[in-house]
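FYI, the numbering for the sequence shown is 1 to 102, going by my numbering. Beta carbons are placed, not taken as given, at the ideal position from N, Cα and C, and that holds for glycine. See below for the structure under consideration.
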Amino acid sequence: MVYVDTGGYNTARVDLACEVARHFEARLIGVSASAAQPRVVLPEKGPATISLDMSPYLDHAEADLRCAKDLFHRVAQAHECRLEWRSSIDNPNDFVARADSS
């Protein structure tokens, strides 16, 4: 299992995971999660506000997951590994813990 996100070092991480999977004749599972978090506005005066319209945050989270999936498949297919992809709009730590146990 390898975690893929939109940050750096993904290519090297997926390359290494592919080599390990091939060595053990195993399937490589790529996982990613992105939390759709609303923006909290803290004005100088008055109460804090939270945006109730989650659609921009969901769109951003979905775009992050698409990028991670595309990167995973692009890098891993060069290694001819058996692949599986799992992703969710969720807290990344919680999702990886659940994905690891399934």
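- Going by beta carbons, L83 and L16 fall outside the 7 Å limit.
- Taking a contact as a CB-CB distance under 8 Å, the pair V31 and A99 counts as one, their CB atoms being some 5 Å apart.
- In the DSSP assignment, V20 is bridged to no other residue.
- When only Cα atoms are considered, E25 and D70 end up about 23 Å apart.
- Per DSSP, reduced to three states, the secondary structure at Y57 is helical.
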